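Asker: Protein chains in written order, with the working numbering: chain A, 61 to 375; chain B, 61 to 375. Okay, handing you the structure first.
There are 2 protein chains.
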Amino acid sequence: MPERLGPALPEPLFDRLTLVGIGLIGSSIARAARQLKLARTLVAVDRDDAVVARVRELDFADEVTTELAAGVSGADLVVLCVPVGACGAVAEAMRPALKPGAIVSDVGSVKGSVVAQVEPHLPDGVHLVPAHPVAGTEQSGPDAGFATLFLNRWCILTPPEGTDSAAVERVRALWEALGSDVEVMSAQHHDLVLAITSHVPHLIAYNIVGTAADMEEVTQSEVIKFSAGGFRDFTRIAASDPTMWRDVFLHNKEAVLEMLGRFNEDLAALQRAIRWSDGEALYSLFARTRAIRRSIISMGQETPEPDFGRRHEPQ
Amino acid sequence: MPERLGPALPEPLFDRLTLVGIGLIGSSIARAARQLKLARTLVAVDRDDAVVARVRELDFADEVTTELAAGVSGADLVVLCVPVGACGAVAEAMRPALKPGAIVSDVGSVKGSVVAQVEPHLPDGVHLVPAHPVAGTEQSGPDAGFATLFLNRWCILTPPEGTDSAAVERVRALWEALGSDVEVMSAQHHDLVLAITSHVPHLIAYNIVGTAADMEEVTQSEVIKFSAGGFRDFTRIAASDPTMWRDVFLHNKEAVLEMLGRFNEDLAALQRAIRWSDGEALYSLFARTRAIRRSIISMGQETPEPDFGRRHEPQ
Numbered sequence: 061m062p063e064r065l066g067p068a069l070p071e072p073l074f075d076r077l078t079l080v081g082i083g084l085i086g087s088s089i090a091r092a093a094r095q096l097k098l099a100r101t102l103v104a105v106d107r108d109d110a111v112v113a114r115v116r117e118l119d120f121a122d123e124v125t126t127e128l129a130a131g132v133s134g135a136d137l138v139v140l141c142v143p144v145g146a147c148g149a150v151a152e153a154m155r156p157a158l159k160p161g162a163i164v165s166d167v168g169s170v171k172g173s174v175v176a177q178v179e180p181h182l183p184d185g186v187h188l189v190p191a192h193p194v195a196g197t198e199q200s201g202p203d204a205g206f207a208t209l210f211l212n213r214w215c216i217l218t219p220p221e222g223t224d225s226a227a228v229e230r231v232r233a234l235w236e237a238l239g240s241d242v243e244v245m246s247a248q249h250h251d252l253v254l255a256i257t258s259h260v261p262h263l264i265a266y267n268i269v270g271t272a273a274d275m276e277e278v279t280q281s282e283v284i285k286f287s288a289g290g291f292r293d294f295t296r297i298a299a300s301d302p303t304m305w306r307d308v309f310l311h312n313k314e315a316v317l318e319m320l321g322r323f324n325e326d327l328a329a330l331q332r333a334i335r336w337s338d339g340e341a342l343y344s345l346f347a348r349t350r351a352i353r354r355s356i357i358s359m360g361q362e363t364p365e366p367d368f369g370r371r372h373e374p375q
Numbered sequence: 061m062p063e064r065l066g067p068a069l070p071e072p073l074f075d076r077l078t079l080v081g082i083g084l085i086g087s088s089i090a091r092a093a094r095q096l097k098l099a100r101t102l103v104a105v106d107r108d109d110a111v112v113a114r115v116r117e118l119d120f121a122d123e124v125t126t127e128l129a130a131g132v133s134g135a136d137l138v139v140l141c142v143p144v145g146a147c148g149a150v151a152e153a154m155r156p157a158l159k160p161g162a163i164v165s166d167v168g169s170v171k172g173s174v175v176a177q178v179e180p181h182l183p184d185g186v187h188l189v190p191a192h193p194v195a196g197t198e199q200s201g202p203d204a205g206f207a208t209l210f211l212n213r214w215c216i217l218t219p220p221e222g223t224d225s226a227a228v229e230r231v232r233a234l235w236e237a238l239g240s241d242v243e244v245m246s247a248q249h250h251d252l253v254l255a256i257t258s259h260v261p262h263l264i265a266y267n268i269v270g271t272a273a274d275m276e277e278v279t280q281s282e283v284i285k286f287s288a289g290g291f292r293d294f295t296r297i298a299a300s301d302p303t304m305w306r307d308v309f310l311h312n313k314e315a316v317l318e319m320l321g322r323f324n325e326d327l328a329a330l331q332r333a334i335r336w337s338d339g340e341a342l343y344s345l346f347a348r349t350r351a352i353r354r355s356i357i358s359m360g361q362e363t364p365e366p367d368f369g370r371r372h373e374p375q
């Protein structure tokens with residue numbers, strides 16, 4: 061499995077690649093694209109003046125602007141790196157500036173809603189190839205990104221039926237250059253899979269952190285001091301970007317509620333096993349969940365080091 | 061904050077220190093005690109022949125035996141490092157061999173039950189000072205331990221009312237030597253605090269991993285591949301020792317069910333917010349949970365590195 065980005069490409073994949081929204085994901089794509097020379101001209105668009113100023117300082121794009129139309133004009137590929145709930149408005153606003161034959165993609169954690177929001181605004185001859193790189197950290201903003209974020213991670217493409225296959229292949233080539241494995245599936249299936257592997261886990265992490273914060277019998281200081289017993293792990297996910305995650309839940313409502321229903325059913329059974337001291341039921345679950353982690357590690361999706369490789373030794 | 065164990069003590073704290081049960085915690089105490097010269101004679105007891113053989117190879121104890129009575133005989137301090145459910149039987153079995161004035165301690169994640177199980181078996185003049193080092197990894201067994209496991213972590217002592225204060229101070233001295241901060245509280249309060257900071261987090265991690273394993277519409281391969289979206293974090297905790305955790309839930313039933321009830325109430329409110337598209341309620345929770353992680357980091361209980369310091373760069 062590769063452990064570093066490849067060498068720069070002999071020929072750029074795109075003449076003009078425009079990233080809209082320069083947070084963790086946008087800035088990570090930009091850094092890698094710059095390093096790998098994926099585009100002759102790399103354009104960074106953000107509506108926030110402070111972000112644009114910071115991106116100029118960090119110097120990982122050829123053009124940096126708050127002007128959406130100017131940024132996307134002439135682009136072969138435009139990648140929306142904004143919260144899922146903003147995709148429709150951005151697509152509408154950039155429509156007049158898109159060049160014929162351009163490809164529009166995104167990085168949103170929900171795909172059905174992105175297709176529904178963006179597709180109606182695209183002119184004929186502009187191709188929509190939605191993408192979701194399953195990668196990230198709990199940090200946000202242009203300083204948080206890094207070029208190897210997508211290395212050995214999966215990127216899911218969900219082109220609507222009938223999408224131009226050459227356009228799909230160009231987006232695949234982008235993600236493969238960034239070091240990802242690419243899988244293609246329907247937006248509907250994506251939203252179901254991610255509900256259980258990402259959205260419900262985030263929801264219950266936010267929830268337990270909220271529950272702990274509202275305790276009366278246990279002080280905040282105690283919650284913090286004794287968090288190494290397990291709670292602190294959940295606070296990482298619960299420190300993720302609030303706007304991004306609000307939008308995920310609002311835009312993948314059906315699948316999240318379905319998966320949450322199953323989680324709740326299973327939790328009720330565990331609760332009952334505890335109440336009735338059914339040690340066998342508890343042991344049986346706790347023993348079989350170990351195997352899944354071993355698979356995740358052997359598939360290269362997790363570090364084999366104990367405790368995520370958190371440093372215990374002198375730093 | 062110290063980043064390494066201190067130098068060896070000028071005088072050992074104990075003439076004879078016996079550890080019963082040489083898993084992750086027992087072997088970590090042994091390694092640190094050996095390095096710091098905390099005892100003139102360090103004794104390791106385990107009922108499992110294979111563990112005893114391995115501990116001899118690893119060579120971190122002066123005496124290694126499967127014989128409980130021989131191991132605890134003459135000890136100033138005996139620390140039970142066995143699953144919570146085994147403490148009563150071990151206490152009963154070792155009773156005749158305990159020397160007058162000995163201190164008995166443990167490392168269990170539940171304290172009320174340990175007191176209830178162990179206290180009736182101790183002869184007069186033997187002191188019970190229960191302890192819970194809030195530290196660990198998802199790994200188990202004598203190979204998994206390391207000397208710095210307790211460094212900068214908290215250790216909670218829950219001596220029953222009227223416990224000899226000199227005995228409490230000797231156990232405090234042990235944990236401070238191991239690099240921990242020590243706090244004293246009632247067993248009842250301990251069990252409530254740990255229910256929310258450790259036991260319920262483990263329960264919901266085991267539960268989500270079980271739910272994901274039972275999916276029909278989503279394949280196991282998909283769960284594994286796309287686990288970097290959040291799910292993989294939960295698999296670490298859900299890979300913890302099944303026997304230890306079965307016992308925790310069976311022996312802290314009341315507090316776990318109470319805290320789980322609150323978790324469920326809060327989750328029902330979140331579920332309703334999603335169903336009714338209440339973006340403000342979602343955003344408001346997601347924004348305030350960030351602050352707790354910042355506090356945990358600034359209190360030295362978590363790494364400030366993104367993604368727990370998981371390696372993204374070339375290894």
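For glycine and all other residues, C-beta sits at the position ideal for the given N, C-alpha and C. A quick note: this is a predicted structure, and the numbers were derived from the prediction, not measured.
1) Can you look up A/A104 in the DSSP assignment and give me helix, strand or coil?
2) Are the CB atoms of A/A99 and A/A92 within a distance shorter than 8 Å?
3) Restricting to runs no shorter than 4 residues, where is the alpha helix (DSSP H) found entirely within the stretch 273-347 of chain A?
4) For B/V132 versus B/P202, is the C-beta spacing smaller than 8 Å?
5) Which chain B residues are close to A/T295, counting only those with a beta carbon under 8 Å from its beta carbon?
6) Which residue or residues does DSSP assign as beta-bridge partners of B/D166?
7) Per DSSP, B/W214 forms a beta bridge with which residues?
8) Rounded to a whole number of angstroms, what is the C-alpha to C-alpha distance between B/S344 and B/P72?
9) Say whether chain A places a C-beta atom closer than 8 Å to the C-beta of B/W214.
10) Starting from the C-beta of B/T197, find all residues in its chain whose C-beta is less than 7 Å away, skip the five residues before and the five after it, and write them out in chain order.
11) Going by DSSP, what residue range makes up the beta strand (DSSP E) through B/H181?
12) Tell me the DSSP secondary structure of A/P366 in three-state form.
13) I need the straight-line Cα distance from B/D338 to A/Q177, nearest angstrom please.
14) Taking contact to mean at least 3 C-beta pairs separated by less than 8 Å, is the stretch 353-368 of chain B in contact with the stretch 324-336 of chain A?
15) Check whether chain B comes within 8 Å of A/V316, counting only Cβ atoms and requiring the distance to be less than that.
16) Give the straight-line distance between the Cα atoms of A/A162 and A/V112, rounded to the nearest whole angstrom.
17) Leaving out five residues before and five after A/E373 in sequence, what residues of the same chain have Cβ atoms less than 6 Å from its Cβ?
18) Quick check: what's the CA-CA separation for A/A130 versus A/V124?
19) May I ask you to report which of helix, strand or coil DSSP gives B/V189?
20) Which whole-angstrom value is the C-beta distance of B/I256 and B/M319, which I expect to be below 8 Å?
21) Using three-state DSSP, classify B/V194 as helix, strand or coil.
22) Measure how close the beta-carbons of B/H259 and B/N312 come, nearest whole angstrom, since I'm counting them as under 8 Å.
23) Please state whether the Cβ-Cβ distance between A/I356 and B/R292 is less than 8 Å.
24) Using only the alpha-carbon positions, how far apart do A/A104 and A/A90 sit?
25) For B/I334, which of A/L69, A/A195 and A/W305 has the nearest alpha-carbon?
26) Measuring only the C-alpha atoms, how far is B/G86 from B/T349?
27) Can you list the residues of chain A that B/W305 reaches, using a CB-CB cut of under 7 Å?
28) If contact means a Cβ-Cβ distance below 7 Å, which residues of the stretch 320-338 of chain A contact chain B?
29) Let me confirm a value: A/Q375 is counted as buried when at least 16 other C-beta atoms fall within 10 Å, else exposed. Which label applies?
30) Please identify the residue among A/Q95, A/N212 and A/G290 whose C-alpha is closest to the C-alpha of B/P261.
31) Return helix, strand or coil for B/D122, following the three-state DSSP convention.
Answerer: Working from what's here:
1) As a working mapping, residue 104 of chain A is identified with position 44 in the first sequence. Here A/A104 sits in strand by DSSP.
2) Position 32 of the first sequence holds residue 92 of chain A. Position 39 of the first sequence holds residue 99 of chain A. No.
3) 280-285, 291-297, 302-311 and 313-335
4) Position 72 of the second sequence, counted from the start, is the residue given in the question as residue 132 of chain B. Position 142 of the second sequence, counted from the start, is the residue given in the question as residue 202 of chain B. In this structure, B/P202 does not lie closer than 8 Å to B/V132 by Cβ.
5) The sequence position of residue 295 of chain A within the first sequence is 235, counting from 1. What A/T295 touches in chain B: T349, I352, R353, I356 and E362.
6) Locating residue 166 of chain B in the second sequence gives position 106, counting from the first residue. In DSSP, B/D166 forms a bridge with B/L140.
7) As a position in the second sequence, residue 214 of chain B is number 154, starting the count at 1. Note: B/W214 sits in a beta bridge opposite B/D241.
8) Working through the second sequence from its first residue, we reach residue 344 of chain B at position 284. Working through the second sequence from its first residue, we reach residue 72 of chain B at position 12. Distance between the alpha carbons of B/S344 and B/P72: 53 Å.
9) As a position in the second sequence, residue 214 of chain B is number 154, starting the count at 1. Yes - at least one Cβ of chain A is within 8 Å of the one on B/W214.
10) The sequence position of residue 197 of chain B within the second sequence is 137, counting from 1. Excluding residues within five positions, the ones whose Cβ falls inside 7 Å are L84 and A204.
11) As a first step, residue 181 of chain B is located in the second sequence; it is residue number 121 there, counting from the start. From DSSP, B/H181 is part of no beta strand (DSSP E); its letter is neither H nor E.
12) As a position in the first sequence, residue 366 of chain A is number 306, starting the count at 1. Helix, per DSSP.
13) As a first step, residue 338 of chain B is located in the second sequence; it is residue number 278 there, counting from the start. As a first step, residue 177 of chain A is located in the first sequence; it is residue number 117 there, counting from the start. Taking the straight line from one Cα to the other gives about 19 Å.
14) no
15) Within the first sequence, numbered from 1, the residue matching residue 316 of chain A stands at position 256. Chain B contact via Cβ: present.
16) For the purposes of this step, residue 162 of chain A is taken as residue 102 along the first sequence, with counting starting at 1. For the purposes of this step, residue 112 of chain A is taken as residue 52 along the first sequence, with counting starting at 1. The alpha-carbon atoms of A/A162 and A/V112 are separated by roughly 24 Å.
17) For the purposes of this step, residue 373 of chain A is taken as residue 313 along the first sequence, with counting starting at 1. Bear in mind that the predicted position of A/E373 carries a pLDDT of just 45, short of 50, making it unreliable; the figure below should be weighed with that in mind. Contacts found: none.
18) For this step, residue 130 of chain A is matched to residue 70 along the first sequence. For this step, residue 124 of chain A is matched to residue 64 along the first sequence. So the two alpha carbons sit approximately 10 Å from each other.
19) As a working mapping, residue 189 of chain B is identified with position 129 in the second sequence. B/V189 falls in the coil class under three-state DSSP.
20) As a working note, residue 256 of chain B is residue 196 in the second sequence. As a working note, residue 319 of chain B is residue 259 in the second sequence. Going by Cβ atoms, the distance from B/I256 to B/M319 rounds to 5 Å, so yes, they are a contact pair.
21) Walking along the second sequence from the start, residue 194 of chain B turns up at place 134. Here B/V194 sits in coil by DSSP.
22) As a first step, residue 259 of chain B must be located in the second sequence, where it is residue number 199. As a first step, residue 312 of chain B must be located in the second sequence, where it is residue number 252. With a Cβ gap of about 6 Å, B/H259 and B/N312 count as contacting.
23) Locating residue 356 of chain A in the first sequence gives position 296, where the first residue counts as 1. Locating residue 292 of chain B in the second sequence gives position 232, where the first residue counts as 1. Their beta carbons are under 8 Å apart, which means A/I356 touches B/R292 by this criterion.
24) Sequence index remark: in the first sequence, residue 104 of chain A carries index 44 (1-based). Sequence index remark: in the first sequence, residue 90 of chain A carries index 30 (1-based). Roughly 8 Å between the two C-alpha positions.
25) Along the second sequence, one-based indexing puts residue 334 of chain B at 274. Among A/L69, A/A195 and A/W305, the Cα nearest to that of B/I334 belongs to A/W305.
26) Taking the second sequence and counting its residues from 1, one reaches residue 86 of chain B at position 26. Taking the second sequence and counting its residues from 1, one reaches residue 349 of chain B at position 289. If you take the alpha carbons of B/G86 and B/T349, they lie about 35 Å apart.
27) Here residue 305 of chain B refers to the residue found at position 245 of the second sequence. The answer, in chain order, is F346.
28) L320, R322, F323, D326, L327, L330, Q331, I334, R335 and S337
29) As a working mapping, residue 375 of chain A is identified with position 315 in the first sequence. Only weak support is given to the placement of A/Q375: the predicted model assigns it a pLDDT of 36, under 50, and the value that follows is read from those uncertain coordinates. Exposed: under 16 other Cβ atoms inside 10 Å.
30) Within the second sequence, numbered from 1, the residue matching residue 261 of chain B stands at position 201. Closest option to B/P261, Cα to Cα, is A/G290.
31) Sequence index remark: in the second sequence, residue 122 of chain B carries index 62 (1-based). Residue state, collapsed to three classes: coil.
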